[in-house]
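Remarks on the structure that follows.
Protein chains: 4
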Amino acid sequence: MNKRQKQKQKTREKIVSCAKELFIQKGFLHTTTSEIAAAAGIAHGTLFLHFPAKESLILEIMDTVLEQIQAALQPVIAHAGNLDEIIRCYLDLIEQHEAIFSTKAREMPFYGDELRRKLLFRDAIIRGHFHTLFQQGIDDGIYRQVDIQTALTFFFGAIHYYLSLKQIFVVDGSVIGKFKDQIISTFNALITIPKTEES
Amino acid sequence: MNKRQKQKQKTREKIVSCAKELFIQKGFLHTTTSEIAAAAGIAHGTLFLHFPAKESLILEIMDTVLEQIQAALQPVIAHAGNLDEIIRCYLDLIEQHEAIFSTKAREMPFYGDELRRKLLFRDAIIRGHFHTLFQQGIDDGIYRQVDIQTALTFFFGAIHYYLSLKQIFVVDGSVIGKFKDQIISTFNALITIPKTEES
Amino acid sequence: MNKRQKQKQKTREKIVSCAKELFIQKGFLHTTTSEIAAAAGIAHGTLFLHFPAKESLILEIMDTVLEQIQAALQPVIAHAGNLDEIIRCYLDLIEQHEAIFSTKAREMPFYGDELRRKLLFRDAIIRGHFHTLFQQGIDDGIYRQVDIQTALTFFFGAIHYYLSLKQIFVVDGSVIGKFKDQIISTFNALITIPKTEES
Amino acid sequence: MNKRQKQKQKTREKIVSCAKELFIQKGFLHTTTSEIAAAAGIAHGTLFLHFPAKESLILEIMDTVLEQIQAALQPVIAHAGNLDEIIRCYLDLIEQHEAIFSTKAREMPFYGDELRRKLLFRDAIIRGHFHTLFQQGIDDGIYRQVDIQTALTFFFGAIHYYLSLKQIFVVDGSVIGKFKDQIISTFNALITIPKTEES
DNA sequence: CATGAATGAGTTTTCATTCAT
DNA sequence: CATGAATGAAAACTCATTCAT
Numbered sequence: 037m038n039k040r041q042k043q044k045q046k047t048r049e050k051i052v053s054c055a056k057e058l059f060i061q062k063g064f065l066h067t068t069t070s071e072i073a074a075a076a077g078i079a080h081g082t083l084f085l086h087f088p089a090k091e092s093l094i095l096e097i098m099d100t101v102l103e104q105i106q107a108a109l110q111p112v113i114a115h116a117g118n119l120d121e122i123i124r125c126y127l128d129l130i131e132q133h134e135a136i137f138s139t140k141a142r143e144m145p146f147y148g149d150e151l152r153r154k155l156l157f158r159d160a161i162i163r164g165h166f167h168t169l170f171q172q173g174i175d176d177g178i179y180r181q182v183d184i185q186t187a188l189t190f191f192f193g194a195i196h197y198y199l200s201l202k203q204i205f206v207v208d209g210s211v212i213g214k215f216k217d218q219i220i221s222t223f224n225a226l227i228t229i230p231k232t233e234e235s
Numbered sequence: 037m038n039k040r041q042k043q044k045q046k047t048r049e050k051i052v053s054c055a056k057e058l059f060i061q062k063g064f065l066h067t068t069t070s071e072i073a074a075a076a077g078i079a080h081g082t083l084f085l086h087f088p089a090k091e092s093l094i095l096e097i098m099d100t101v102l103e104q105i106q107a108a109l110q111p112v113i114a115h116a117g118n119l120d121e122i123i124r125c126y127l128d129l130i131e132q133h134e135a136i137f138s139t140k141a142r143e144m145p146f147y148g149d150e151l152r153r154k155l156l157f158r159d160a161i162i163r164g165h166f167h168t169l170f171q172q173g174i175d176d177g178i179y180r181q182v183d184i185q186t187a188l189t190f191f192f193g194a195i196h197y198y199l200s201l202k203q204i205f206v207v208d209g210s211v212i213g214k215f216k217d218q219i220i221s222t223f224n225a226l227i228t229i230p231k232t233e234e235s
Numbered sequence: 037m038n039k040r041q042k043q044k045q046k047t048r049e050k051i052v053s054c055a056k057e058l059f060i061q062k063g064f065l066h067t068t069t070s071e072i073a074a075a076a077g078i079a080h081g082t083l084f085l086h087f088p089a090k091e092s093l094i095l096e097i098m099d100t101v102l103e104q105i106q107a108a109l110q111p112v113i114a115h116a117g118n119l120d121e122i123i124r125c126y127l128d129l130i131e132q133h134e135a136i137f138s139t140k141a142r143e144m145p146f147y148g149d150e151l152r153r154k155l156l157f158r159d160a161i162i163r164g165h166f167h168t169l170f171q172q173g174i175d176d177g178i179y180r181q182v183d184i185q186t187a188l189t190f191f192f193g194a195i196h197y198y199l200s201l202k203q204i205f206v207v208d209g210s211v212i213g214k215f216k217d218q219i220i221s222t223f224n225a226l227i228t229i230p231k232t233e234e235s
Numbered sequence: 037m038n039k040r041q042k043q044k045q046k047t048r049e050k051i052v053s054c055a056k057e058l059f060i061q062k063g064f065l066h067t068t069t070s071e072i073a074a075a076a077g078i079a080h081g082t083l084f085l086h087f088p089a090k091e092s093l094i095l096e097i098m099d100t101v102l103e104q105i106q107a108a109l110q111p112v113i114a115h116a117g118n119l120d121e122i123i124r125c126y127l128d129l130i131e132q133h134e135a136i137f138s139t140k141a142r143e144m145p146f147y148g149d150e151l152r153r154k155l156l157f158r159d160a161i162i163r164g165h166f167h168t169l170f171q172q173g174i175d176d177g178i179y180r181q182v183d184i185q186t187a188l189t190f191f192f193g194a195i196h197y198y199l200s201l202k203q204i205f206v207v208d209g210s211v212i213g214k215f216k217d218q219i220i221s222t223f224n225a226l227i228t229i230p231k232t233e234e235s
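As structure tokens, this is what we get:
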């Protein structure tokens, strides 16, 4: 990469990090492109040299985060192969990136069709891993035989609910952090066949 | 009621029904007061004679629906006293009013503070009934001993998730209708202590 | 006057007193006819049975006040025939009705042509008396020989200035009350030929 | 200055001159931002690129005029140090800018607090110079020993009065021009100790 | 490559007056 | 006589995107 490309790359990263900060603070919908440009220290028009439209910014940001999460989840999925573990790991990751996930949960219905489709696709991949491990748990006689899709919707729906209404659950700090343990233990209690039942 | 009061009442109802129709089609946030007035066949200013502000319209509409639901739920709560029944009834009601509930689920984070608070308060009352019956079920040894709040968030979170992303689950028709049976049976399967386990 | 007429008269007075109160508080321009009707306990439309238009209300109110002032000034003009006395009396009266005069001073440029003309006509009559007495003072060798019209504009201009910008001179209470003594003594000092000069 | 900066400057000046023209014709309060944009030959939104709010326009316009006046007054204040001269100069300047000063005199009570404060502050500076020179005149035994503040309020109050009711004093042309000589000579006659009195 | 000036459609609410009841 | 529902014009400000410089 020559010097010019490096500079361009740096500018792009500056835009992304500033945009992310603003999206977290004010939401994607209520952040203006000039604010982002001003925060990144570039001209308003320059923003559009790096990103063809405002939506491509949120796509890039969410894509990066979702990739990180997938990457962080990968080893857990590969090795442990235990739903409980992956749930815990997933929630830790969501908590880490909660600010931007909260924005996404609230605003997704208002994004353009394509953007929304892409984001949901990323979600679906992660959900796929949960599905596989859930199925395994059922096959292994650990989990009850329930409709996995629906059971997972209970799980992800609750996460989505906490995130999208975060403001009413916590004043400051993390919703997921606050409810994580309860979510995990209750979800486990619901899907797991108790040891005592086996006897 | 004299003729003028009747006429006023009629105008008000016309506004409400047209507004509801538009809110369902385009969302509350993207419906303009002019559109509503035009649809209702009244002058733009007349709208504000009946409703002091745009938000009071959505409040009235949602309040009416939520009241209807509470009223319809009341006898089921009083007599049957069975969570399963109330869940079924609740979902039937949500399905009936699904269009407006979908709008509410999507947009609530963007409503003004007071409006949101009022809507959440209504939700909380209904949720309270679920809680009571869930507790009863646990006391009766029918349901597993889990954290009720969290378990209910799984349930309501899933409903919320289906409603807010309705557009990606169904093209036309009802999401709740589509998933109702799975929701009910899966939720039951998760919380109920199987008969065989008892032996 | 029969009973019906009496009732009508009473309603009219109620309207006037409520309107005056509101005009003082919020200004004529920012008081709405519905507010006045509500304050007077009558229907909005009823207001227009008593007063053909909003402006006729301010006219009536100002007319009454200006008449009162003229009436109160009359004996002073007739008997004493001394500018100093009439100035003092006039300022006392303005102070008494300062709230409504402040509104008038601020808003007059925005009144309709006819209303403004009528109000200015009333002012002119009072000013006429000042003129006469000023002239007498000059003839008597008490006051300097200056252009009376302009000298009076200094006086009335200052009053007008204090009234129209009342809000910046006093927080609560009377501007005229605050500056009355200075106005009188300074105006006197300016127009009076000092005793010592005569010798 | 490069071409773009020049173009921007030109647009800004066009806005200011058109706005000033309109403010003079119809008053600031009754001129709309659309009208200004149309008159300046720019898009409505462009106006807000140059001025964040309508009030900032009147502020800029009045500031420029008041600065010009202060600048024009400066040498007179510095050198001559004579109240009579500064009065004459001041009235000439007011006459020059009479149209906009008339609007200001009429509308100031209705401007936002901050704008009004700023305008009054400018006025106060100029008044300060009058005060100084008046005091000097008293010290030099030229002017009578009167309360300067009040005497100046007679002067400025009269100017304000003529300006705010300009429409009733002249049909076309300048009020200040019409009454300037009388104002000056009368004010002088009132404050000056006659030569004959000294003997 | 970067800049930043220009675009222009879009929306809630107010209020004096009228007239059918 | 009194009522009060209906009228409808009017106005400031935002912001993603473009394109001449």
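Chains A, B, C and D are the protein sequences, given in the same order.
Counting with our numbering, you get residues 37 to 235 for the letters of the first sequence.
Counting with our numbering, you get residues 37 to 235 for the letters of the second sequence.
Counting with our numbering, you get residues 37 to 235 for the letters of the third sequence.
Counting with our numbering, you get residues 37 to 235 for the letters of the fourth sequence.
Each residue gets a CB set at the ideal place from its N, CA and C atoms; glycine is no exception.
Since the model is a prediction, treat every value here as computed from it, not as a measurement.
C-beta neighbour in chain C for residue 59 of chain D, strict 9 Å:
no
Going by DSSP, name the residue or residues bridged to residue 13 of chain A.
Because residue 13 of chain A is not part of the residues shown, which for chain A are 37 to 235, the question remains open.
List the residues of chain A that residue 182 of chain B touches, going by C-beta distances under 7 Å, in chain order.
222, 225, 226
Three-state secondary structure (DSSP) at residue 233 of chain A?
The pLDDT assigned to residue 233 of chain A is 48, lower than 50, so where the model puts this residue is not dependable; a value taken from the coordinates is nonetheless given after this. Three-state DSSP puts residue 233 of chain A in a helix.
Do you know offhand how far residue 189 of chain A's Cα is from residue 196 of chain B's?
10 Å
Check each residue of the region 135 to 152 of chain B: if its Cβ is closer than 7 Å to any Cβ of chain A, include it; give the result in chain order.
142, 145
Across the region 50 to 65 of chain B and the region 134 to 151 of chain B, are there enough close Cβ pairs to call them in contact, namely three or more that are closer than 8 Å?
yes
Using a threshold of 9 Å, state whether the C-beta atoms of residue 162 of chain D and residue 105 of chain D are closer than that.
yes
Looking at chain D, which residues of the region 191 to 224 of chain C have a Cβ within less than 8 Å of any of its Cβ atoms?
If the cut-off is 8 Å between Cβ atoms, the region 191 to 224 of chain C has 191, 192, 193, 194, 195, 196, 197, 198, 200, 201, 203, 204, 215, 218, 219, 221, 222, 223 near chain D.
Are the C-beta of residue 233 of chain A and some C-beta of chain B separated by less than 9 Å?
Residue placement at residue 233 of chain A is flagged as unreliable, the pLDDT there being 48, under the threshold of 50; the coordinate-derived value follows with that caveat. Output row for residue 233 of chain A: interface = yes.
Taking only the alpha-carbon atoms, compute the straight-line gap between residue 202 of chain B and residue 149 of chain B and give it to the nearest angstrom.
25 Å
To the nearest angstrom, report how far apart residue 191 of chain A and residue 158 of chain B are at their CA atoms.
Answer to the nearest angstrom: the Cα atoms are 24 Å apart.
Check whether chain D comes within 9 Å of residue 273 of chain C, counting only Cβ atoms and requiring the distance to be less than that.
No statement about residue 273 of chain C is possible, as the shown extent of chain C runs from 37 to 235 and does not include it.
Could you check where the alpha helix (DSSP H) with residue 238 of chain A kicks off and where it finishes?
Past the boundaries of the shown model lies residue 238 of chain A; chain A is included only from 37 to 235, so the question cannot be answered.
Host alpha helix (DSSP H) of residue 89 of chain B (start-end)
Per DSSP, residue 89 of chain B belongs to no alpha helix (DSSP H) and is neither H nor E.
Just the Cα atoms here: how many angstroms apart are residue 48 of chain A and residue 131 of chain A?
Residue 131 of chain A has its alpha-carbon roughly 26 Å from the corresponding atom of residue 48 of chain A.
Does the Cβ of residue 46 of chain B have 16 or more other Cβ atoms within 10 Å, making it buried, or fewer, making it exposed?
Taking all protein chains shown into account, residue 46 of chain B has fewer than 16 neighbouring C-beta atoms within 10 Å of its C-beta and is therefore exposed.
Any alpha helix (DSSP H) of 4 or more consecutive residues that is wholly inside the region 75 to 115 of chain A
Correct list: 80 to 86, 90 to 114.
Just how far apart, CA to CA, sit residue 38 of chain D and residue 44 of chain D?
10 Å
Residue 164 of chain A, DSSP secondary structure in three states:
helix
If you draw a straight line from the alpha carbon of residue 165 of chain B to that of residue 171 of chain B, how long is it in whole angstroms?
10 Å
Confirm, please, whether the CB-CB distance from residue 122 of chain C to residue 169 of chain C is below 9 Å.
yes
Residues of chain C with CB closer than 7 Å to the CB of residue 156 of chain D, please, in chain order.
204
On the premise that residue 194 of chain D lies in contact with residue 193 of chain C, defined as a C-beta separation below 8 Å, what is that separation, rounded to the nearest angstrom?
Yes, residue 193 of chain C and residue 194 of chain D are in contact; Cβ-Cβ is about 4 Å, under 8 Å.
Of the choices B:182, B:224, B:133, whose alpha-carbon is the least far from that of residue 29 of chain B?
No answer is possible for residue 29 of chain B: the residues shown for chain B start at 37 and end at 235.
Taking all protein chains shown into account, decide if residue 207 of chain C is buried (16 or more other Cβ within 10 angstroms of its Cβ) or exposed.
Per the 10 Å Cβ criterion, exposed.
Roughly how many angstroms separate the alpha carbons of residue 76 of chain A and residue 54 of chain A, rounded to a whole number?
Residue 76 of chain A and residue 54 of chain A have their C-alpha atoms some 6 Å from each other.
Pull up the distance between the alpha-carbon of residue 177 of chain C and that of residue 229 of chain C, whole angstroms please.
8 Å
Can you name the residues of chain A whose CB is closer than 7 Å to the CB of residue 160 of chain B?
Residues of chain A passing the Cβ test: none, with the nearest at roughly 11 Å.
For residue 185 of chain B and chain A, any beta-carbon pair shorter than 9 Å?
It does; some Cβ of chain A falls within 9 Å.
I'd like to know if residue 189 of chain D contacts chain C, where contact means its C-beta is closer than 9 Å to some C-beta of that chain.
Interface residue, yes.
Please report how far the alpha carbon of residue 179 of chain D lies from the alpha carbon of residue 226 of chain D, in whole angstroms.
9 Å
State yes or no: is the C-beta of residue 212 of chain B within less than 9 Å of the C-beta of residue 219 of chain B?
yes
Helix, strand or coil: which one does DSSP assign to residue 47 of chain B?
In the structure shown, residue 47 of chain B sits in a helix (DSSP, three-state: H, G or I).
Between the CA atoms of residue 57 of chain D and residue 186 of chain C - distance to the nearest angstrom
31 Å
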